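If you count the sequence shown from 1, position 118 lands on 611 in the numbering used here, and the numbers rise without skipping.
Heads up, the beta-carbon is just placed ideally off N, CA and C, and yes, glycines get one too.
In this text, all values refer to a predicted model and were calculated from it rather than measured experimentally.
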Amino acid sequence: MAREKEKLSKTGLPAPGKPLYLAIGFLRRPHGVFGEMLMDVLTDFPERLRAGKKVFAGESHELLIIRSFRPHNTGALIAFDGLMDCDVVGRLRNTTIYIPTHDIPALPDGEYYFHDLLGLSVVAENGDKVGNLVEILETGANDVYVIRTEGGKEVLVPAIDEVILHIDLEQKVMRIRLQNWL
């Protein structure tokens with residue numbers, strides 16, 4: 494089924510009104526002869542992947558229903574309804590599996606999904622606009638937010654309590670304490 498490519502906004506997010514999808518796994522290759530596939534798990538909540546769960550495959554977001562899911566070595570084995578042998582599931586090799594963002598579980602207060610933070614307007618304590626959050630880097634000690642200023646300069650901001658003062662997802666604003674690096 495052909496599908497029009499989704500247009501992305503300047504933040505790299507889908508245009509307003511388009512559904513957002515979150516990658517939860519990467520299908521590597523068929524395993525055995527009964528339609529199972531080896532999958533790299535990309536979610537912190539693998540317990541949600543169970544029989545009957547609807548997921549979407551590839552850029553076309555083809556609807557699949559999980560038949561079975563079980564841990565296997567460093568990943569998992571997954572099978573889908575209607576895909577019963579290795580030849581049929583082979584077409585899904587090297588495909589990303591998604592769920593719609595409205596299906597993800599709520600996080601505790603003060604914790605956020607990356608996709609909720611990307612695109613936020615970033616302001617200083619005094620209310621002056623700093624820029625927009627365009628990328629999140631995962632480092633060993635803490636995440637680092639990449640803020641693009643109005644002039645196009647990228648500023649790296651550590652995601653620590655001393656710097657990130659407040660996040661308001663409804664207003665799409667992050668308030669930060671400017672340090673001497675700005």
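With a cutoff of 8 Å on beta-carbon distance, R670 and E647 are scored as not near each other.
When the Cα atoms are used, E529 and P523 turn out to be separated by approximately 6 Å.
Under the three-pair Cβ rule at 8 Å, the region 567-575 does not count as touching the region 621-631.
A residue is called buried when at least 16 other Cβ atoms come within 10 angstroms of its Cβ; A572 meets this threshold and is buried.
Y606 is positioned such that its CB atom lies closer than 8 Å to that of L600.
Exclusion of the five residues before and after R521 leaves L531 as the residues of its chain whose Cβ lies within less than 6 Å of its Cβ.
Under a 10 Å Cβ-count criterion, L662 is classified as exposed, with fewer than 16 other Cβ atoms of the shown protein chains found around its own Cβ.
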